[in-house]
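Asks: Under the numbering used here, the sequence shown has 177 at position 186, and the numbering climbs by one with no breaks. Every residue gets a Cβ at the ideal spot worked out from N, C-alpha and C, and that includes glycine. Structure below; questions to follow.
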Amino acid sequence: MTVFAVNEIFETFQGEAAFTGTPSVFVRLQGCPVGCAFCDTKMTWHVRPEHEIEVGAMIAKTEDAPTWARLHDEDLAMLVGEFRARHVVFTGGEPALYDLTEVSRRLIDQGRTVQLETSGTALIRIDPHAWVTVSPKIDMPGGLKVLPAAVARANEIKMPIGKPADIEKLQAFLAEHPAVGVAYTGSGPALLIWLQPLSQSEKATALCMEAAAANGWRLSLQTHKFVGVR
Ligand code: SF4
């Protein structure tokens, strides 16, 4: 049995990468040792006992806060099952810190689809039918490496891009993991590679468009922000 520290659960539309436009329940798990400077969920980094709250208070939360509620697999799957959206996204924090095998199996048994968004720095434990998005966090202050096993499990790679050096990092990363370097096979996309401009900046967006066009990669635009939802 896995016990989760859950920061928040909310319904919205997935705005990024392959599931863009999909009504989704987001489950944000607490805890992340990666330490990205650009992180926009820094409130999830630490699981502090003094920040534990009741499940009802966690569900009612509307603002970013480091508070979390304790839930185990069965209760978490039941709670998520009360939402309308059929697609469930585990995010964080770093959700791969937790063993997601049981909860993802329960959700898939409910007829839902499950997606994991991870930095790739922790071993992925999830149902084989889940969709895995690895957003590789390379050379971050936490000093963690992106694991080859996480890359091998990925269905798509989503790289945050702020400057030209990030494109170079991605190229070096793909060279290290040759199996993921192929954008297409004869029968369609093999492993999808998305470039996502940081903070929707014009400069980063132009850089991503150029690199996507040159390499056969794709553009992920955080479309939820265009329509003003989380
Ligand atoms: S991996 Fe994600 S949650 Fe963790 S520090 Fe980086 S951006 Fe933030």
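1. Please go through the same chain and pick out, in chain order, the residues whose beta-carbon is closer than 6 Å to the beta-carbon of A76, but skip the five residues on each side of it.
2. If I'm right that T124 touches I115 with Cβ under 8 Å, what's the distance once you round it to whole angstroms?
3. Is N206 helix, strand or coil by DSSP?
4. Do P40 and G133 have their C-beta atoms closer together than 8 Å?
5. Using a Cβ-Cβ cutoff of less than 8 Å, which residues in the same chain neighbour T176 once the five nearest sequence positions on both sides are dropped?
6. Is there at least one non-hydrogen atom of the ligand SF4 closer than 7 Å to the beta-carbon of G84?
7. Rounded to whole angstroms, what is the Cα-Cα separation between L98 and L88?
8. Can you have a look at P139 and say buried or exposed, based on whether 16 or more other CB atoms are within 10 angstroms of its CB?
9. With K160 as the anchor, note down where its beta strand (DSSP E) starts and where it stops.
10. Could you give the residue range of the alpha helix (DSSP H) that holds K216?
11. I'd like to confirm the pairing. Which residues does DSSP put opposite F1 in its beta bridges?
12. Quick check on Q191: does DSSP put it in helix, strand or coil?
Replies: This is what the structure gives:
1. Mapped onto the sequence shown, residue 76 falls at position 85. The answer, listed in chain order, is E2, P14, S15 and V16.
2. By one-based count along the sequence shown, residue 124 stands at place 133. By one-based count along the sequence shown, residue 115 stands at place 124. Wrong, their Cβ atoms sit about 11 Å apart, outside the cutoff.
3. Locating residue 206 in the sequence shown gives position 215, counting from the first residue. Three-state result, N206: helix.
4. The sequence position of residue 40 within the sequence shown is 49, counting from 1. The sequence position of residue 133 within the sequence shown is 142, counting from 1. No Cβ-Cβ contact shorter than 8 Å links P40 with G133.
5. What you label residue 176 is simply residue 185 of the sequence shown in a count that begins at 1. Annotation note: pLDDT 49 at T176 (below 50); position unreliable, coordinate value reported separately. Within the same chain, no Cβ atom closer than 8 Å to the Cβ of T176 is found once the five residues on either side in sequence are excluded.
6. In the sequence shown, counting from the first residue as 1, residue 84 sits at position 93. Set against 7 Å, the gap from the CB of G84 to the closest heavy atom of the ligand SF4 is smaller.
7. Numbered from its first residue, the sequence shown carries residue 98 at position 107. Numbered from its first residue, the sequence shown carries residue 88 at position 97. For L98 and L88, the gap between their C-alpha atoms comes out near 19 Å.
8. Taking the first residue of the sequence shown as position 1, residue 139 is located at position 148. That one is exposed.
9. Taking the first residue of the sequence shown as position 1, residue 160 is located at position 169. Not the beta strand (DSSP E): K160 falls in the alpha helix (DSSP H), residues P155 to E167.
10. Position 225 of the sequence shown, counted from the first residue, corresponds to residue 216. For K216, the enclosing alpha helix (DSSP H) has its first and last residue at T214 to F217.
11. For this step, residue 1 is matched to residue 10 along the sequence shown. Paired residues: F17.
12. The residue labelled residue 191 in the question sits at position 200 within the sequence shown. Of the three classes helix, strand and coil, the one that applies to Q191 here is helix, per DSSP.
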